[in-house]
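Chains as they are written, first to last, in this note's numbering: chain C, 387 to 895; chain H, 818 to 1122.
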Amino acid sequence: MKLKSALMAAGMIGAVLAGAPPALAGKADNTLTAAFARGLATTDGLYSTTRENDILGLLIDDALFYVDPAVKKPVPLVADSYEFTDETTLVVKLRSDVTFHDGSPLTAADVVYSFQHIVRPEAETKFGQRIAQWMESVEAVDPQTVIFRMKAPNAMVLYDLSYYSKLRKAGSYEVDGVTDPDAQMTLNLGTGPYRVAEFLPGEKVVLDLYDNYRAGSPKDASIARLVIRFIPDEATQVAEVMSGGVDWTFGISSEMAENVAGTGRAQFLTAPSLRVGYLSLDAAGRADETTPLRDLRVRQALNHAVNHEELVASITGGSAKVARTPCHSLQFGCDQGRVRYGYDPDKAKALLAEAGYPDGFEIDLWAARDRPLQEAVIAYWAKIGVRANLRYVKSISKDRNAGKLSLYYDTWGSYSIPDAGAIIPDLFDLKTPKVYTGDEALSKLVLSTNQTYDQAEREAKFSQAIQTITEQAYWVPIQEYPMNFLYSNDLEFSQPDDGMQRLFLARWK
Amino acid sequence: MLLYVCKRGILALAVALAVSLVTFILLYYATDPAEALAGEDALPAQVAQIRAQLGLDRPLHIQYASWLGGVASGDFGDSYFWRTPVVELVQRHFPITLQLAGMAIGVTILVAIPLGVVSALYSNTVIDRFALALAVAAQAVPNFWLGIMAILLFAVMLPLFPVSGQDTFWHFVMPACVLGLSSVPAVMRLTRTGLLEVMGSDYIRTARAKGYRGLRLLTRHAMRNAILPVVSVLAVQLGSKLGGSIVTESVFAINGMGRLALESILAGDVPTVQMLVFIFALVFVLLTFLADVLNAWLDPRIRLG
């Protein structure tokens, strides 16, 4: 147990024994105080990729579609209905009762402006390139109808219109004839259930329930005020929850959250996230032509040498699960019935010997997170003679993209999209700089998975891709990450298993 | 005195500039802000675009000259991460840290000097040993641990103070105590040593012979000289509180300069880090300078020597 956790556990027990007063929740004044570990630099979700901004974005912005956690699919939100008139044309009819936080109605012109802004290079939005990859043009047919023309069929289009394309009032970013990426932070005109009442960067955001928010939305909220505070230290977050200063927080380690919940002063919920952790093996010899990882038997040996069940149970805990595939088991198309590598160190040793490495070899393992997990993997590999040196750094992205790392640990959260189309093409298309497979055929296959709307066809393609990736052992998949929540006893909160935190669904008991 | 002040002033500025140059070089080689800003999954072309937009593709000496030119005209540039002028960030965060540091130094003075005096007056007794043991304990305890324990005891078990935040005076009490206590050992020991030395000197014997006793002897004769080294140390401690409150500000969720520095470093926000280091250096040299001047005023032998 970590020192901080031990101290916290001692403190919690002490608190209970001392008969400390019950936590003062925000139920009385209908104000929910949430704590984030990372401060927000902006309230504009078009200009940030952090999870904290994703949560805030869902509170203050409505998009054309909304990923309904019950069905794990996009459903219309600002859109009233939609139709693919052909494979590359999407016609979206808008609702007539959607208003911005200044009371003005949202029209097709606003939607067109929003998407044109998102893809404009000088606007420097974070998702511009992602949308521009598929969007050919966007135009308004009438005040309630928008047509998206796509460069190619795109099965992920409705997901992209759900999370990463906030709707802005026409002209929002134009200040004195110049595009100002920070303009929305001043205007704060969203269309979601909450409006920004106060924003102190790096300190707090205060949100008030938007009075004119339309009835019947799946994003129906009931708590009058949300205060989001930024508290970097996990122990302090926990202490705030115990003392009633904070009603809700997330990302707390399992052991800490379990200890607090054990005192009865808060509720602990652990749920899956769509984040997958994996070790990438340089099958192509991209970083080093002489690497043993070019040999399939070596890659298979490294898979067989890791005791996944023991590793995940002892290191991560919570609702973490063993990963066996290059996608998350909850995602559409993530076929779990493919090749598996069971824990078998003897077989691993035999494979290494067969490959010409009876005494193993030495290699660098690069990682920027989950140090204990890396050390455990290294210990497993040491048993078969593979001597991995942990090169733990702040970020691997630069060297990884430059093709310099033969072996690295990385993760992918799929943007919380419950579809393998949000991970497999992103991580196995050779045009993506992080890919070390060198497998052209696989690259073509994964790219084709999202170029059809036929779900059965997509499923078959994903299955085939998973078969190839696991057979070729391009990865050592490690784990599916959990998401932990700690919250007030006065609060009802449920966490969908796509890992996206929908704070607007919280209710007082 | 004026010549002395001018000499020290020029030296202080030279030190601040040297620190800024070293920081610039270190940041240039240690971090790639374009990578950090583009995000982990950015394409190389996006990173190159950001690098060009920010002028990070220029040679080091050109970038430093440009930064120095800006500083000379009062322009420290815009934060890459917070997307606002760095000067505004400092204006927003500095008063918070100043309040915290001021209160912390107040705690240090209130605890360390009386403790040092008592320890000196009762040297080599149980009281002295107890005071020294307290000082050793305060030095051995890490700030983050003390902070968490204070939160558990005084905010969770006995809800006397808020756990974290900065909205009221009461939010600063616990962090100021935690931060202030870390300086107690150094100041206490220096007070004790200084006072023991002074109390054995000829002029104190003379004062005693003249009939001075107790508090009067201590305050009017002994402390004035004994406090000289303590003033210098307090100045350095104040500087370290202003520049080094990262842990305390993080534990108590105080949005001051320390936390700004931490988040800017993590975000690869070079202009902000550069300015903060420059300011911290300036604060240190300024406080050292003021301590020198104060000492020179207290003891004329210093300015003459």
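In this text, a Cβ means the ideal position worked out from N, Cα and C, and glycines have one as well.
Just so we're clear, the structure is a prediction, and the values are computed from it rather than from any experiment.
If we cut at 8 Å on Cβ distances, does residue i have a partner in chain C?
i                       : result
residue 965 of chain H  : yes
residue 972 of chain H  : yes
residue 1014 of chain H : no
residue 1067 of chain H : yes
residue 828 of chain H  : no
residue 960 of chain H  : no
residue 831 of chain H  : no
residue 1063 of chain H : no
residue 1019 of chain H : no
residue 980 of chain H  : yes
residue 893 of chain H  : no
residue 911 of chain H  : no
residue 898 of chain H  : yes
residue 873 of chain H  : no
residue 969 of chain H  : yes
residue 1080 of chain H : yes
Does residue i come within less than 8 Å of chain H when only Cβ atoms are used?
i                      : result
residue 537 of chain C : no
residue 437 of chain C : no
residue 815 of chain C : no
residue 659 of chain C : no
residue 704 of chain C : no
residue 800 of chain C : no
residue 626 of chain C : yes
residue 617 of chain C : yes
residue 730 of chain C : no
residue 811 of chain C : no
residue 589 of chain C : yes
residue 783 of chain C : yes
residue 629 of chain C : yes
Once the 5 residues before and after residue i are set aside, which same chain residues still bring their CB inside 7 Å of it?
i                      : result
residue 811 of chain C : 832, 833, 835 and 836
residue 408 of chain C : At residue 408 of chain C, the pLDDT of 38 sits below 50, so the modelled position is not reliable; the number obtained from the coordinates is stated separately. Taken in chain order, the list of residues that qualify is empty.
residue 410 of chain C : Its pLDDT being 44, under 50, residue 410 of chain C is placed unreliably by the model, and the measurement read from it follows with that caveat. So the qualifying residues of the chain are 630.
Please report the residue range of the beta strand (DSSP E) in which residue i lies.
i                      : result
residue 774 of chain C : 773-778
residue 510 of chain C : Per DSSP, residue 510 of chain C belongs to no beta strand (DSSP E) and is neither H nor E.
residue 962 of chain H : Unbroken run through residue 962 of chain H is the alpha helix (DSSP H), 960-968; no beta strand (DSSP E).
residue 865 of chain C : 861-873
residue 615 of chain C : 611-616
residue 731 of chain C : First-last for residue 731 of chain C: 731-740, but that is the alpha helix (DSSP H), not the beta strand (DSSP E).
residue 532 of chain C : 531-536
residue 585 of chain C : 580-586
residue 521 of chain C : 521-528
residue 452 of chain C : 451-454
residue 981 of chain H : No beta strand (DSSP E) contains residue 981 of chain H, which DSSP labels as neither H nor E.
How should residue i be labelled, buried or exposed, when 16 other C-beta atoms within 10 angstroms of its C-beta is the threshold for buried?
i                       : result
residue 699 of chain C  : exposed
residue 412 of chain C  : buried
residue 802 of chain C  : buried
residue 1114 of chain H : exposed
residue 961 of chain H  : buried
residue 462 of chain C  : buried
residue 823 of chain H  : exposed
residue 468 of chain C  : buried
residue 878 of chain H  : exposed
residue 1025 of chain H : exposed
residue 540 of chain C  : buried
Return the chain-ordered list of same chain residues with a C-beta closer than 6 Å to the C-beta of residue i, the five sequence neighbours on each side being excluded.
i                       : result
residue 785 of chain C  : 791
residue 1094 of chain H : 840
residue 898 of chain H  : 1084 and 1086
Where do the N-terminal and C-terminal ends of the alpha helix (DSSP H) with residue i fall, by residue?
i                       : result
residue 919 of chain H  : 903-938
residue 620 of chain C  : 620-629
residue 811 of chain C  : 810-814
residue 725 of chain C  : Taken as a continuous stretch (DSSP letters only), residue 725 of chain C belongs to no alpha helix (DSSP H), as it is neither H nor E.
residue 470 of chain C  : That residue, residue 470 of chain C, is in no alpha helix (DSSP H); its beta strand (DSSP E) goes 465-472.
residue 1049 of chain H : 1045-1060
residue 644 of chain C  : 640-648
residue 548 of chain C  : 543-549
Confirm the yes/no value for this check: CB of residue i, any heavy atom of the ligand GTP, distance under 7 Å.
i                      : result
residue 428 of chain C : As presented, the structure is devoid of all ligands, the ligand GTP included, so that no description of it is given.
Spatial neighbours of residue i within its chain, please: CB distance less than 8 Å, with the 5 preceding and 5 following residues excluded, ordered by chain position.
i                       : result
residue 1090 of chain H : 840, 844, 1078, 1081 and 1082
residue 870 of chain H  : none
(request) At 3 residues or longer, and completely inside the stretch 413-460 of chain C: list those beta strand (DSSP E) runs for me, N to C. (result) Those beta strand (DSSP E) runs which fall completely within the stretch 413-460 of chain C and span 3+ residues are 417-422 and 451-454.
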